[in-house]
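Student: Quick note on numbering: the numbering used here labels position 51 of the first sequence as 912, and the sequence is numbered without any gaps. No residue lacks a Cβ here, since even glycine has one placed at the ideal position from N, Cα and C. Pasting in a structure now, in structure tokens, and then I'll have a few things to ask.
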Amino acid sequence: MIHALDHQLHHAVLDTFEATFGKRPSQEQIQIQTTRTEFEGDRTVVVFPLAGMAGAPPQVAADRLGKALVETFDWIVKYGVVKGFLNLTLSDESWSTAIQDALTDSWGFAPKNSKSQVMVEYSSPNTNKPLHLGHLRNNFLGYSVAKILEAAGHEVVKVQIINDRGIHICKSMVAWQKFGQGETPASTGEKGDKLVGRYYVAFDKAFKSEIAEGVARGLEAKEAENASPIMQEARSMLQRWEDNDAEVVDLWKTMNGWVYDGFNATYSDMGVSFDKLYYESDTYLLGKKHVESGLAQGLFFRKDDGSIWVDLTEDGLDEKLLLRGDRTAVYMTQDIGTAILRFQEHPKLDRQVYTVGNEQEYHFKVLFLILKKLGFVQADQNHHLSYGMVELPEGKMKSREGTVVDADDLLLEMRTKAREISEELGKVDDFSEKDKVALARQVGHGALKYFLLKVAAAKSMMFDPQSSIDFFGNTAPFIQFNVVRCKSILKSAKVNVSELHWSAQTPLDDAERTLAAGVLSFPSVVQEAADAYDPSVIANHCYDLIKAFSSFYQDHPIVKETDHNTRNMRLALCATVSITVSNGMSLLGIDMPDRM
RNA sequence: GGCCCUGUAGCUCAACUGGAUAGAGCACCUCACUACGGAUGAGGAGGUUUGGGGUUCGAAUCCCUACAGGGUCACCA
862 MIHALDHQLH
872 HAVLDTFEAT
882 FGKRPSQEQI
892 QIQTTRTEFE
902 GDRTVVVFPL
912 AGMAGAPPQV
922 AADRLGKALV
932 ETFDWIVKYG
942 VVKGFLNLTL
952 SDESWSTAIQ
962 DALTDSWGFA
972 PKNSKSQVMV
982 EYSSPNTNKP
992 LHLGHLRNNF
1002 LGYSVAKILE
1012 AAGHEVVKVQ
1022 IINDRGIHIC
1032 KSMVAWQKFG
1042 QGETPASTGE
1052 KGDKLVGRYY
1062 VAFDKAFKSE
1072 IAEGVARGLE
1082 AKEAENASPI
1092 MQEARSMLQR
1102 WEDNDAEVVD
1112 LWKTMNGWVY
1122 DGFNATYSDM
1132 GVSFDKLYYE
1142 SDTYLLGKKH
1152 VESGLAQGLF
1162 FRKDDGSIWV
1172 DLTEDGLDEK
1182 LLLRGDRTAV
1192 YMTQDIGTAI
1202 LRFQEHPKLD
1212 RQVYTVGNEQ
1222 EYHFKVLFLI
1232 LKKLGFVQAD
1242 QNHHLSYGMV
1252 ELPEGKMKSR
1262 EGTVVDADDL
1272 LLEMRTKARE
1282 ISEELGKVDD
1292 FSEKDKVALA
1302 RQVGHGALKY
1312 FLLKVAAAKS
1322 MMFDPQSSID
1332 FFGNTAPFIQ
1342 FNVVRCKSIL
1352 KSAKVNVSEL
1362 HWSAQTPLDD
1372 AERTLAAGVL
1382 SFPSVVQEAA
1392 DAYDPSVIAN
1402 HCYDLIKAFS
1412 SFYQDHPIVK
1422 ETDHNTRNMR
1432 LALCATVSIT
1442 VSNGMSLLGI
1452 DMPDRM
């Protein structure tokens, strides 16, 4: 869909069809697409769906429609029919006018806050392990979807829920008390999340060896787990935490603080941010209240052991636990509380988007159903933005097998590689150290973000650290390079883009029309990406457009062009391509450098 | 076992939501260039869209079926 031009064409086809055949098709029956390069024309109307209404074979209907269109509208200059496809050539003037209209810095972006308020949740890690490759996909995806929704006109609130309580935190705390000898991020120089993660691993190791001892003494595996002294310590610590024991709460705050400092450094490195943080320790009690009230209303039921369940068998699902027999909360409990709290705190909130891996699809199906049962009007206003796992050549990431790709390490590696390539190519010899660092970040992180976002979210994807991340071909650096080239051309032309004028009769060839079409369709691409919560739509569009530019550049002089009108038209194309692609890439969280 | 995803070139991914001869990148082969920025462009080769059936003017896309891979069905998160 080419924005204004296609909109105009759409109505022209509707009116002309009615005038020619006496019947008016529905909006949906008019299909307009880009004409394939092997045929002459710019836009193609698919006539098959209209043939029945026209009472003529597709070819005949297409021919009559084409003839009428050319006679009626001076901006449709030529038509051709291939089978049931009606190929139309639009006038040079209509293209030039459209390009003029697109020459604005905010091209593709809807007016700010012209649409409803949407909350986007992403990241939401546990506070016992450092962030890894999976979190990178999650964060880039959530952040990008937030930017895309904003560009589509929505007011966006970016949030995350921090799973800061529970047995997993106590494990790290116990291990640190036993083996830590008082070390801190300050004393070791280690990032806080890494330090705490190390003690989580240490706990697991000690736990395993105690189980092995137990089994050696003749216990069953389950008994050995229960008998493990270190596990008993963790449980008792959780109990003390829930009893608000001052010493435990103090340690909990200290160690979580270390983790947050570490996470914040990584988020800043990734270039993502949040408007508001929710903590499970704040919301789980609220969830319990809603579960109790649901029980009182007869929506849930209690088993003999005191646990509370919801029966979803009528909806084709199972029974689901909402509160343990000892009245402590499970994950679902706090999710109910958090969801309701968010709608209460944001009266304007229209919907919520949860960026969470596809292994939790069942969980969210259940959550949304429960919210509905509880009678929340916004229950249908929730969307689980599900994404596939990132897999390594040797299979899934397993922390126990040491195959986890650490987020900080990977980001550093990307920066390092980007810098190496820049230096090898001699591109940055006159850069200051500060500019070299900045460029390496833009290019290296851009490559990683693009790699993770160009794949449709729903699909699981393969990440091969050896060869997956490339700087050539369909990559962010390729796109960045061409945008830089555009900027360089405009600079050497020494023109003010907003003052570019050229005759509306200036002819545009196929390559120029392809560029114009790519620019003009960008606003609807943004809308499509917003509707589908899918950044890959943007990524693919940016790549197609910049690739077309790169090819165009090869055999079309721009600054050197001697015809004044053609030169300015090409400079305008150059400018709109640069703006369009920069805007698109910014929605993926990827910066375009000025030089590289 | 029940339910839900996925299956497209050697590999990693597209395909305007049912439209023309299924397209890119990587890898492989050939060519162009003293350059408005070569981190380049053009071309070649590579496909029974997992197999089989069906729906219709038309199917990678929708339906049925078989096979293959993944996820999920916890008083875990």
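1. Taking only the alpha-carbon atoms, compute the straight-line gap between residue 1285 and residue 1111 and give it to the nearest angstrom.
2. Does DSSP classify residue 1282 as helix, strand or coil?
3. Helix, strand or coil: which one does DSSP assign to residue 1363?
4. With a 10 Å radius around its C-beta and 16 neighbouring C-beta atoms as the bar for buried, classify residue 1452 as buried or exposed.
5. First and last residue of the alpha helix (DSSP H) that includes residue 1004?
6. Can you give me the C-alpha to C-alpha distance between residue 1053 and residue 1059, rounded to a whole angstrom?
7. Output needed for residue 1280: all residues of its chain with C-beta closer than 6 Å, excluding positions within five of it in sequence on either side, in chain order.
8. Report the partner residues of residue 925 according to the DSSP bridge assignment.
9. Under three-state DSSP, which class holds residue 1074?
10. Where are the beta strand (DSSP E) runs, 3 residues long or more, that stay fully inside the segment 1173-1206, in chain order?
11. For the putative contact between residue 1308 and residue 1338, defined by C-beta atoms under 8 Å, what is the C-beta separation to the nearest angstrom?
12. Once the 5 residues before and after residue 920 are set aside, which same chain residues still bring their CB inside 7 Å of it?
13. By the DSSP assignment, the beta strand (DSSP E) with residue 1016 in it spans what residues?
14. Just mark residue 1209 as buried or exposed, buried being the case when its beta carbon has 16 or more other beta carbons within 10 Å.
15. Pick out whichever of 1405, 1056 and 977 has its Cα sitting closest to the Cα of residue 1042.
16. Any contact of the segment 1414-1434 with the segment 1256-1265, i.e. 3+ C-beta pairs under 8 Å?
17. CB-CB under 7 Å to residue 1343, same chain, minus the five flanking residues each way: which ones, in chain order?
18. With H, G and I counted as helix, E and B as strand and the rest as coil, what does DSSP make of residue 901?
19. Pairing CB atoms from the segment 1244-1260 with CB atoms from the segment 1310-1327, are three or more of them under 8 Å?
20. In this structure, does DSSP put residue 881 in helix, strand or coil?
21. Would you mind working out which of 1331, 1423 and 1434 sits nearest residue 1347, comparing C-alpha positions?
22. For the segment 1110-1128 against the segment 983-993, do three or more pairs of beta-carbon atoms, one drawn from each stretch, fall closer than 8 Å, so that the two count as touching?
23. Based on DSSP bridge pairs, tell me the residues matched to residue 980.
24. In whole angstroms, what is the alpha-carbon distance linking residue 906 and residue 930?
25. Just reading off the alpha helix (DSSP H) that residue 1155 is part of, what are its end residues?
26. Can residue 1001 and residue 1314 be called in contact, C-beta distance under 7 Å?
27. Where residue 913 and residue 1444 are concerned, what is the direct C-alpha to C-alpha distance, given to the nearest angstrom?
28. Looking only at its chain, what residues have a beta carbon closer than 8 Å to the beta carbon of residue 1139, apart from the 5 residues adjacent to it on each side?
29. What residue range is occupied by the uninterrupted beta strand (DSSP E) comprising residue 896?
30. What residue does the alpha helix (DSSP H) around residue 1112 start on, and which one ends it?
31. Where does the unbroken beta strand (DSSP E) through residue 1247 begin, and where does it stop?
32. Where does residue 1438 land, buried or exposed, given buried means 16+ other C-beta within 10 angstroms?
33. Have a look at the DSSP bridge pairing and note the partners of residue 1323.
34. Candidates 880, 1341 and 1184: which alpha carbon is nearest residue 1305's?
35. Tell me whether residue 1223 is buried or exposed, calling it buried when 16 or more other Cβ atoms sit within 10 Å of its Cβ.
36. Can you have a look at residue 1030 and say buried or exposed, based on whether 16 or more other CB atoms are within 10 angstroms of its CB?
Tutor: To lay it out plainly:
1. Position 424 of the first sequence, counted from the first residue, corresponds to residue 1285. Position 250 of the first sequence, counted from the first residue, corresponds to residue 1111. Those two C-alpha atoms are separated by around 51 Å.
2. Within the first sequence, numbered from 1, the residue matching residue 1282 stands at position 421. In the three-state scheme derived from DSSP, where H, G and I count as helix and E and B as strand, residue 1282 is classed as helix.
3. Indexing the first sequence from 1 puts residue 1363 at position 502. In this structure, residue 1363 counts as coil in the three-state DSSP scheme.
4. For the purposes of this step, residue 1452 is taken as residue 591 along the first sequence, with counting starting at 1. Result: buried.
5. The sequence position of residue 1004 within the first sequence is 143, counting from 1. Its alpha helix (DSSP H) spans residues 994-1012.
6. As a first step, residue 1053 must be located in the first sequence, where it is residue number 192. As a first step, residue 1059 must be located in the first sequence, where it is residue number 198. The alpha-carbon separation between residue 1053 and residue 1059 amounts to approximately 10 Å.
7. For the purposes of this step, residue 1280 is taken as the residue at position 419 of the first sequence. Taking residue 1280 as the centre and dropping the five residues before and after it, the same chain places the C-beta of 1301 closer than 6 Å to its C-beta, in chain order.
8. Start at 1 with the first residue of the first sequence, and residue 925 comes out as number 64. Per DSSP, none; premise fails for residue 925.
9. Against the first sequence, residue 1074 aligns to sequence position 213. Helix.
10. If we require 3 residues or more, the beta strand (DSSP E) runs fully inside the segment 1173-1206 come out as 1180-1184.
11. Along the first sequence, one-based indexing puts residue 1308 at 447. Along the first sequence, one-based indexing puts residue 1338 at 477. So it is a contact: roughly 6 Å between Cβ atoms.
12. Taking the first residue of the first sequence as 1, we reach residue 920 at position 59. So the qualifying residues of the chain are 942, 944 and 945.
13. If you number the first sequence from 1, residue 1016 lands on position 155. Counting along the chain, the unbroken beta strand (DSSP E) around residue 1016 starts and ends at 1016-1023.
14. By one-based count along the first sequence, residue 1209 stands at place 348. Exposed, since its Cβ has fewer than 16 Cβ neighbours within 10 Å.
15. Here residue 1042 corresponds to residue number 181 of the first sequence, with the count starting at 1. Residue 1042 has its Cα closest to that of 1056, out of 1405, 1056 and 977.
16. Touching, no, given that fewer than three Cβ pairs across the two stretches are closer than 8 Å.
17. Taking the first sequence and counting its residues from 1, one reaches residue 1343 at position 482. By the criterion of a C-beta distance shorter than 7 Å, residue 1343 is surrounded in its chain by 1407, 1410 and 1411, once the five residues flanking it on both sides are discounted.
18. Looking up residue 901 in the first sequence gives position 40. Annotated three-state conformation of residue 901 is coil, per DSSP.
19. Segments in contact, yes.
20. Sequence index remark: in the first sequence, residue 881 carries index 20 (1-based). Three-state result, residue 881: helix.
21. Here residue 1347 corresponds to residue number 486 of the first sequence, with the count starting at 1. Minimum Cα distance to residue 1347 is reached at 1434.
22. Contact holds: three or more Cβ-Cβ distances are below 8 Å.
23. Translated into positions along the first sequence, residue 980 becomes position 119. When beta bridges are read from the DSSP output, residue 980 appears opposite 1018 and 1213.
24. Walking along the first sequence from the start, residue 906 turns up at place 45. Walking along the first sequence from the start, residue 930 turns up at place 69. Cα-Cα distance, rounded: 11 Å.
25. Numbered from its first residue, the first sequence carries residue 1155 at position 294. Note, residue 1155: alpha helix (DSSP H), 1141-1157.
26. Residue numbering aside, residue 1001 sits at position 140 when the first sequence is read from its first letter. Residue numbering aside, residue 1314 sits at position 453 when the first sequence is read from its first letter. With a cutoff of 7 Å on beta-carbon distance, residue 1001 and residue 1314 are scored as near each other.
27. Sequence index remark: in the first sequence, residue 913 carries index 52 (1-based). Sequence index remark: in the first sequence, residue 1444 carries index 583 (1-based). Taking the straight line from one Cα to the other gives about 43 Å.
28. As a first step, residue 1139 must be located in the first sequence, where it is residue number 278. Closer than 8 Å at the Cβ level, and outside the excluded window around residue 1139, lie 1020, 1021, 1022, 1023, 1199, 1202 and 1203.
29. Looking up residue 896 in the first sequence gives position 35. Counting along the chain, residue 896 falls outside any beta strand (DSSP E), and DSSP gives it neither H nor E.
30. Mapped onto the first sequence, residue 1112 falls at position 251. Its alpha helix (DSSP H) spans residues 1107-1131.
31. Here residue 1247 is taken as the residue at index 386 of the first sequence, counted from 1. That run of the beta strand (DSSP E) goes 1243-1248.
32. What you label residue 1438 is simply residue 577 of the first sequence in a count that begins at 1. Burial of residue 1438 is indicated by the presence of at least 16 other C-beta atoms within 10 angstroms of its C-beta.
33. Here residue 1323 is taken as the residue at index 462 of the first sequence, counted from 1. For residue 1323, which the question treats as bridged, DSSP gives the partners 1252.
34. Working through the first sequence from its first residue, we reach residue 1305 at position 444. Answer by Cα proximity: 1341.
35. Within the first sequence, residue 1223 is the residue found at index 362, counting from 1. Exposed: under 16 other Cβ atoms inside 10 Å.
36. Start at 1 with the first residue of the first sequence, and residue 1030 comes out as number 169. Residue 1030 should be labelled buried.
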